[in-house]
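Heads up: the sequence shown is residues 7 to 260, going by this note's numbering.
We put the beta carbon where it would ideally sit given N, CA and C, even for glycine.
First up is the structure itself, then whatever we jot down about it.
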Amino acid sequence: MDQFEGKTAIVTGSSRGIGAEVAKLLAAQGAAVVVNYRQKAPRADKVVAGIKAAGGRAVAVGADLTTQEGVQALVSAAMENFGSLDLLVLNASGGMESGAQEDYALKLNRDAQINMLNAAVMLMPEGSRVVFVTSHQAHFIDTVPTMAEYEPVARSKRAGEDALRELIPLLSNHGISLVVVSGDMIEGTVTATLLDRANPGAIEARRTEAGRLYSVEEFAAEVAAMAGADVETGHTEYIGGADYIQAVQEQHQQ
7 MDQFEGKTAI VTGSSRGIGA EVAKLLAAQG AAVVVNYRQK APRADKVVAG IKAAGGRAVA
67 VGADLTTQEG VQALVSAAME NFGSLDLLVL NASGGMESGA QEDYALKLNR DAQINMLNAA
127 VMLMPEGSRV VFVTSHQAHF IDTVPTMAEY EPVARSKRAG EDALRELIPL LSNHGISLVV
187 VSGDMIEGTV TATLLDRANP GAIEARRTEA GRLYSVEEFA AEVAAMAGAD VETGHTEYIG
247 GADYIQAVQE QHQQ
């Protein structure tokens, strides 16, 4: 249970949902965790309070990852509060929020991911890991169509994944590995809620098509597991959505 004892993790977008659960799981395994939020401080404070009540270490940091100041605030918090940075979980994403600027999805899902990694890499020691959290709808966007309402976000997240993968040689030079965790739609997430609002019945349709959808807690457990899994850099871990993988395999066979 102490796999990450003495280690420090930053989990972006961790005031609620998948990120919050990942933060709790890593803390339960000994990691000191920087819990990131953009606007909802009470939510992040609640996550931190829960971690501390369970005997863990955590700090909440408000930071907009689309700004360089926000990126720097997170890495500085890790070093100033815990003295190291060993694990970076790139979970924050968005682009479907009402009122978002036209290029917001690309700024957050691609540019902010790269900026976050570039700020962290020089502080991370050999043996550190970066975990990028994405969706099948984004990961497979070039081979499996997704619903129109989600396509711009999916393409921006795929662009983020591609940009991160281009940095694998740089990461390898520092002894740092990159792992991608791709999951089907997750029950109860903000994205699922917004998709269902934009396209009523979309989640139920996907649930029927896939057989079942993972819960936030189930998917978070898979993400946390990959933080310390013995896999090669560049590995992609697929969670749920077997029909996506089958469709891609069939296309490759044609």
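Residue range of the beta strand (DSSP E) that residue i falls in?
i: A15; result: 14-17
i: G181; result: That residue, G181, is in no beta strand (DSSP E); it is neither H nor E in DSSP.
i: G25; result: It is not in any beta strand (DSSP E) - G25 instead sits in the alpha helix (DSSP H) that spans 23-34.
i: N205; result: From DSSP, N205 is part of no beta strand (DSSP E); its letter is neither H nor E.
i: V150; result: Looking at the DSSP string, V150 is not in any beta strand (DSSP E), and its letter there is neither H nor E.
In the DSSP assignment, what are the bridge partners of residue i?
i: I192; result: Y220
i: T242; result: V186
i: T140; result: S188
i: Y43; result: G68
i: R135; result: L93, S183
i: A38; result: T14, R63
Just the C-alpha distance for residue i and residue j, rounded to the nearest angstrom, thanks.
i: T199; j: G166; result: 23 Å
i: D236; j: S183; result: 10 Å
i: N205; j: T197; result: 12 Å
i: A111; j: A154; result: 15 Å
i: T73; j: A118; result: 8 Å
i: A223; j: S178; result: Inspection of the sequence shows that residue 223 is occupied by Glu rather than by Ala. C-alpha separation (whole angstroms): 31 Å.
i: A66; j: G19; result: 11 Å
i: Q35; j: S90; result: 16 Å
i: V137; j: L129; result: 16 Å
i: I192; j: L201; result: 11 Å
i: E11; j: Q255; result: 40 Å
i: L173; j: V139; result: 16 Å
i: A253; j: V150; result: 7 Å
i: D168; j: D8; result: 33 Å
i: M232; j: V185; result: 7 Å
i: P131; j: R203; result: 43 Å
i: R22; j: H180; result: 31 Å
i: R171; j: K46; result: 31 Å
i: R164; j: A144; result: 5 Å
i: G189; j: I245; result: 5 Å
What are the start and end residues of the alpha helix (DSSP H) that includes residue i?
i: A233; result: Where A233 is concerned, there is no enclosing alpha helix (DSSP H), given that its DSSP letter is neither H nor E.
i: R49; result: 47-59
i: G166; result: 157-172
Checklist entry - At a cut of 8 Å, does the stretch 227-245 reach the stretch 211-219 through at least three beta carbon pairs? => result no
Checklist entry - Which whole runs of the alpha helix (DSSP H) in the stretch 94-128 are 4 residues long or more, in chain order? => result 118-127
Item to check | Segment contact, 8 Å Cβ cut-off, at least three pairs: the stretch 18-30 with the stretch 51-68 | outcome: yes
Checklist entry - Along the chain, which unbroken stretches of the alpha helix (DSSP H) at least 4 residues long are found entirely within the stretch 58-92? => result 74-88
Item to check | Inter-stretch contact (C-beta, 8 Å, three-pair minimum) for the stretch 30-44 and the stretch 82-97 | outcome: yes
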